[in-house]
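If you read the sequences in order, they're chains A and B.
When the letters of the first sequence are read in order and numbered with this note's numbering, they come out as residues 17 to 296.
When the letters of the second sequence are read in order and numbered with this note's numbering, they come out as residues 133 to 601.
Positions of the beta carbon are idealized from the N, C-alpha and C atoms, including for glycine.
Keep in mind that this is a model prediction, so the values were computed, not measured.
First up is the structure itself, then whatever we jot down about it.
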Amino acid sequence: MYKIVEKRALNEAVTLMSVHAPHIARKVLPGQFIILRLDEYGERIPLTVAAYDRKAGEVTIVFQAVGRTTKMLAALDVGDDILDFVGPLGRPTELEGVHKAIVIGGGVGCAIAYPQARFLHEQGATVKVVAGFRSRDIVILEEEMKAACDELLIATDDGSYGRHGFVTDLLRELLEADSGYDLVIAIGPVPMMKAVCALTKEYAVKTTVSLNPIMIDGTGMCGGCRVHVGGELKFACVDGPDFDGHLVDFDELQRRNAIYRAQEQVDANHICRLAGEIDA
Amino acid sequence: MPNMSMQKTPMPAQAPEVRNKNFDEVTLGYTPEMAVLEAQRCLQCKHRPCMKGCPVAVRIPEFIAKVAQGDFLAAYEIITSTNALPAVCGRVCPQENQCERECVRGIKGESVAIGRLERFVADYFMEYGTAASKRAEPNGIKVAVIGAGPAGLSCAGDLARRGFEVTVYEAIHKAGGVLVYGIPEFRLPKAIVEREIDSLRALGVKIETDMVIGRALSLDELGEMGYKAVFVGSGAGLPRFMGIEGEGLLGVYSANEFLTRINLMKAYKDEYDTPIIRSKSVAVIGGGNVAMDAARCAMRLGAERVYIVYRRGEEEIPARLEEIHHAKEEGIEFRLLTAPTRLLGDDQGWVRGMECVKMRLGEPDASGRRSPVEIPGSQYEMEVDSVIMAIGTSPNPLIRTTTEGLQADRRGCLIVNEEMATTKPGVYAGGDAVTGAATVILAMGAGKKAAESIANLLLPSPGSEENPA
Ligand SMILES: Cc1cc2nc3c(=O)[nH]c(=O)nc-3n(C[C@H](O)[C@H](O)[C@H](O)COP(=O)(O)OP(=O)(O)OC[C@H]3O[C@@H](n4cnc5c(N)ncnc54)[C@H](O)[C@@H]3O)c2cc1C
Ligand SMILES: Cc1cc2nc3c(=O)[nH]c(=O)nc-3n(C[C@H](O)[C@H](O)[C@H](O)COP(=O)(O)OP(=O)(O)OC[C@H]3O[C@@H](n4cnc5c(N)ncnc54)[C@H](O)[C@@H]3O)c2cc1C
Ligand code: SF4
Ligand code: SF4
Ligand code: FES
């Protein structure tokens with residue numbers, strides 16, 4: 017059992033939680049994730065470690081309530097327990113030797129991108145963060161991101177905050193203005209990562225993406241997290257989750273991630289086991 | 133007088149058309165009367181040929197003699213003196229290639245049903261026996277075991293019986309390895325596995341789940357934590373795919389994922405959240421136990437047609453005889469000497485068919501098996517809406533790549549000597565992590581052997597106290 021020690025709503029759908037898990041907090045590095053299972057009947061779902069406190073033995077996750085498990089998780093409170101909490105999983109992001117980087121987060125992806133920006137910034141790299149949201153009311157982690165980079169640029173789809181448009185619009189301007197970037201990190205919805213990679217390919221800037229295929233064990237047993245990268249079969253939980261964005265087959269990933277959509281919509285409409293009555 | 137029937141005493145089973153719709157155990161086991169009757173078929177051969185076929189040398193004629201006398205609990209003592217998991221082995225050992233292959237009754241007629249008798253004795257004990265969980269005198273020496281599959285569990289049990297303080301680190305949330313996430317309930321009820329694991333706990337074995345070694349703790353850190361030796365029993369690894377067109381389509385599963393969703397995550401039970409695709413027409417590629425299990429699960433999820441597609445012939449199918457037989461009874465269709473060449477998709481990205489080619493058997497290859505050769509121009513299409521790949525595994529890189537000094541062979545399997553010692557001092561390994569996908573009983577045998585080696589390494593050899601050098 018793993019106790020929830022902090023909980024904060026970042027916006028209507030996104031929650032930050034810290035969990036007491038000393039064996040993970042001791043070892044985890046940016047880019048790694050955990051897998052949790054809420055109770056005996058629950059699914060195992062992966063979530064990235066957004067922050068950690070090695071001394072206190074705490075691991076922070078930031079997640080968007082999109083389906084049954086994430087909604088049930090969001091309904092838990094400080095003091096409640098999570099049955100299983102496994103990690104750290106995946107390979108840490110390779111951040112050595114980077115001097116000048118653009119870190120792009122889309123929506124809840126900002127929470128995953130944020131520790132990478134912070135790590136690079138603390139290592140002395142020049143870091144620009146580009147964060148994209150649908151609208152002003154769902155902007156998350158603005159202060160944290162600002163403190164973790166040299167410049168934070170925000171775009172909203174509806175123009176209600178920052179620049180009106182997509183992260184790729186801002187990215188193009190940055191790449192036009194300066195050819196000195198040695199790395200772009202893009203984390204967010206699959207279509208966003210795909211668009212970013214199409215653009216950075218034009219400018220020949222190395223781009224790392226963090227992939228989010230459906231997983232079960234996260235230890236390299238089931239093969240569910242398989243993705244094609246440069247025509248090769250890779251398993252995101254042991255070979256990733258970071259990959260060279262210019263080689264990833266995003267269309268396959270997008271398609272495979274939606275495989276249970278119809279089934280899960282039915283499920284998500286009655287979530288009562290853990291949380292009592294909740295509006296789906 | 134021995135029972136001279138040429139056939140094994142039949143074991144009751146659920147009717148095929150009933151059981152292929154539920155996940156309850158297929159075979160129901162012998163009654164005491166049936167067990168005695170079958171035990172009477174044993175000739176009590178003096179040279180005990182059957183024992184040579186058993187990887188853990190169960191004293192077969194001795195336990196069968198006790199069964200024939202109706203002393204089932206004494207039979208249990210004899211079996212468990214060399215085999216820690218008889219309820220499991222009696223159900224899943226490929227007996228026809230092991231103990232029963234050597235049985236003299238098999239020369240003319242069927243061999244003695246050693247596996248069924250072993251299962252009966254274990255089940256009888258669970259019902260009527262009382263575990264004499266004698267905890268050994270602790271020797272205060274800590275040993276870590278990685279992986280709670282058959283290899284790790286048997287190693288842990290043997291070490292605990294020798295007084296070691298054993299902790300098993302298991303990556304997923306449940307102990308048992310393939311016994312809980314691979315082999316289905318209808319073949320090996322999970323309650324049996326749990327009971328076997330509880331009896332290990334009663335011996336003092338600690339099992340820590342949710343611990344991925346190589347990530348949460350490295351092997352060297354285990355050393356720093358005071359473990360004097362480590363046994364690695366981390367299993368076979370990642371599923372292989374064929375590398376043919378269309379494997380990224382929806383409805384294509386690895387057998388490991390399909391079986392894990394069903395067995396570990398209980399997708400077939402309503403009260404569990406795990407989703408799974410229920411298809412109408414399923415092709416399972418491969419011919420091993422894994423393929424049979426996947427096919428029979430697909431049938432139980434409601435498929436109308438399920439095919440086993442295997443590139444060699446009937447003779448070469450590696451699965452247990454009983455599974456092949458049961459699968460056929462349940463309505464699984466076998467497409468032998470057939471290999472997929474391409475998976476075909478619809479405009480939504482779902483599988484809609486599979487292009488296959490017919491094969492013939494050519495010359496024997498290096499392994500002595502006749503290798504399949506494509507028959508030119510024999511391509512045809514099968515209509516399927518799901519394809520499950522059960523064509524083997526390649527070793528998991530996690531421990532190998534995070535541990536300095538641990539050597540693997542070209543295929544990625546850990547290298548060990550006869551003592552099951554790896555190339556890293558104090559680290560032992562066995563089971564599928566060393567051999568590649570094999571069998572439960574071989575994994576258990578390896579775990580046992582390693583426990584003995586670890587004891588030899590860490591305990592003063594007997595007698596050394598009386599005669600100090
Ligand atoms: C390595 C990794 C790290 C991740 N980190 C985070 C994180 O830090 N924060 C966060 O909010 N999410 C993260 N995700 C995604 C998260 O795991 C899924 O949102 C979650 O599994 C959904 O579970 P559910 O039961 O709530 O929803 P479900 O009912 O399973 O699904 C609801 C909807 O989400 C889609 N979906 C399902 N699984 C995924 C997935 N893996 N990725 C994207 N969409 C999915 C479904 O198609 C469906 O439309 C990560 C995924 C991976 C693989
Ligand atoms: C579907 C299926 C059906 C089978 N049917 C039969 C059969 O009928 N008869 C038969 O004899 N054999 C059968 N087998 C083969 C048999 O199950 C295996 O040979 C046997 O389980 C191997 O045992 P093991 O202990 O080496 O590995 P496993 O059973 O694979 O156990 C390894 C354990 O280690 C854990 N682990 C892995 N990495 C780590 C890590 N880094 N840290 C911590 N823990 C880790 C895993 O989660 C797992 O629990 C079957 C296999 C499958 C998949
Ligand atoms: S352990 Fe397996 S091989 Fe040995 S006697 Fe029992 S069934 Fe036969
Ligand atoms: S070989 Fe067969 S008949 Fe002979 S002792 Fe063994 S089981 Fe009995
Ligand atoms: S999640 Fe099972 S192999 Fe990666």
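### Query
So does Gln539 (chain B) have its beta carbon nearer than 7 Å to some heavy atom of ligand 3?
no
### Message
Give me, in chain order, the residues of the same chain whose beta-carbon lies closer than 6 Å to that of Asp295 (chain A); leave out the 5 immediate sequence neighbours on both sides.
### Response
Unreliable positioning characterises Asp295 (chain A) in this predicted model, as indicated by a pLDDT of 40, which lies under 50. A coordinate reading is not provided.
### Message
Pull the bridge partners of Ser526 (chain B) from the DSSP assignment, please.
### Response
B:Leu370
### Query
Short check: CB of Ala220 (chain A) to CB of Val212 (chain A), under 8 Å?
no
### Task
Please find out if some non-hydrogen atom of ligand 1 comes closer than 7 Å to the beta-carbon of Arg277 (chain A).
yes
### Task
Report buried or exposed for Thr223 (chain A), applying the criterion of at least 16 other Cβ atoms within 10 angstroms of its Cβ.
buried
### Task
Keeping to the same chain, check which residues put their C-beta closer than 6 Å to that of Ala291 (chain A); ignore five residues upstream and five downstream.
Caution is warranted here: a pLDDT of 48 is assigned to Ala291 (chain A), below 50, making its placement in the model unreliable, and no coordinate value can be reported.
### Message
Does any residue of chain A have a CB that is nearer than 8 Å to the CB of Pro600 (chain B)?
### Response
Note that Pro600 (chain B) scores 43 on pLDDT, short of 50, meaning its location in the model is unreliable; the coordinates nonetheless yield the value given after this. No, Pro600 (chain B) does not count as interfacial toward chain A.
### Message
Going by DSSP in three states, His180 (chain A) sits in which element: helix, strand or coil?
### Response
strand
### Task
On a CA-only basis, which of B:Thr141, B:Asp517 and B:Leu351 is nearest Asn554 (chain B)? Give me that one, please.
For clarity, residue 554 (chain B) is Thr in the given sequence; the question names Asn instead. Checking every option, the nearest Cα to that of Thr554 (chain B) belongs to B:Leu351.
### Message
Any heavy atom of ligand 1 closer than 7 Å to the beta-carbon of Val243 (chain A)?
### Response
no
### Task
Could you list which residues in chain B have their beta carbon closer than 9 Å to that of Val82 (chain A), in chain order?
In chain order: nothing, as chain B lies at least about 14 Å away.
#### Entry: Check: Phe251 (chain A) C-beta below 7 Å from any heavy atom of ligand 5
yes
### Query
Are Arg294 (chain B) and Ala587 (chain B) close, meaning C-beta to C-beta below 8 Å?
yes
### Task
Compare the C-beta of Arg347 (chain B) with all C-beta atoms of chain A and state if any pair is closer than 8 Å.
yes
#### Entry: Start-end ranges of the alpha helix (DSSP H) lying completely within the segment 157-229 of chain B, minimum 4 residues
164-171, 181-184, 192-200, 204-212 and 218-224
### Message
My output table needs one value for His115 (chain A): the three-state DSSP class, helix, strand or coil.
### Response
coil
#### Entry: Collapsed DSSP secondary structure at Pro600 (chain B) in the structure displayed
Note on Pro600 (chain B): pLDDT 43, under 50, position unreliable in the model; the coordinate value appears next. Coil at Pro600 (chain B), not helix or strand.
### Task
Starting from the beta carbon of Tyr404 (chain B), find every residue of chain A whose beta carbon is closer than 9 Å, and list them in chain order.
Glu56, Tyr57, Gly58 and Glu59
### Query
If we ignore side chains and look at the alpha-carbon of each, how far apart do Met431 (chain B) and Lys153 (chain B) end up?
7 Å
### Task
Using 7 Å as the cut-off, classify the Cβ of Met514 (chain B) as near or not near the heavy atoms of ligand 7, replying yes or no.
Of the ligands this structure carries, namely ligand 1, ligand 2, ligand 3, ligand 4 and ligand 5, none is ligand 7.
### Query
Does the segment 269-288 of chain B come close enough to the segment 297-313 of chain B to have 3 or more Cβ pairs within less than 8 Å?
yes
### Task
Just confirm the distance between the C-beta atoms of Ile98 (chain A) and Ile20 (chain A), as a whole number of angstroms; I'd bet it's less than 8 Å.
7 Å
### Query
Between the segment 180-188 of chain B and the segment 339-357 of chain B, do at least 3 Cβ pairs fall closer than 8 Å?
no
### Query
Name the chain A residues whose beta carbon is nearer than 8 Å to that of Met121 (chain B)?
Lying before the first or after the last residue shown, residue 121 (chain B) is absent from chain B, which here runs from 133 to 601.
### Query
At a cut-off of 7 Å, is Pro187 (chain B) close to ligand 4 when judged by its beta-carbon and the heavy atoms of the ligand?
no
### Task
Specify the secondary structure class of Glu74 (chain A) as computed by DSSP and reduced to three states.
strand
### Task
Can you pull the chain B residues whose beta carbon is under 9 Å from the beta carbon of Tyr276 (chain A), in chain order?
Pro407, Ile408 and Ile409
### Query
Under 8 Å between the Cβ atoms of Val483 (chain B) and Leu382 (chain B)?
yes
### Query
What is the DSSP secondary structure of Ala66 (chain A), reduced to helix, strand or coil?
strand
### Message
Do Val566 (chain B) and Cys545 (chain B) have their beta-carbon atoms positioned less than 8 Å apart in this structure?
### Response
yes
### Query
Taking 8 Å as the CB-CB limit, is Glu280 (chain A) close to chain B?
yes
### Task
Determine, using beta carbons only, whether Cys165 (chain A) and Lys144 (chain A) come nearer to each other than 8 Å.
yes
### Query
Using a C-beta cutoff of 8 Å, does Val344 (chain B) count as contacting chain A?
yes
#### Entry: For Met514 (chain B), the three-state DSSP class (helix, strand or coil)
strand
### Query
From which residue to which residue does the beta strand (DSSP E) around Lys398 (chain B) run?
Per DSSP, Lys398 (chain B) belongs to no beta strand (DSSP E) and is neither H nor E.
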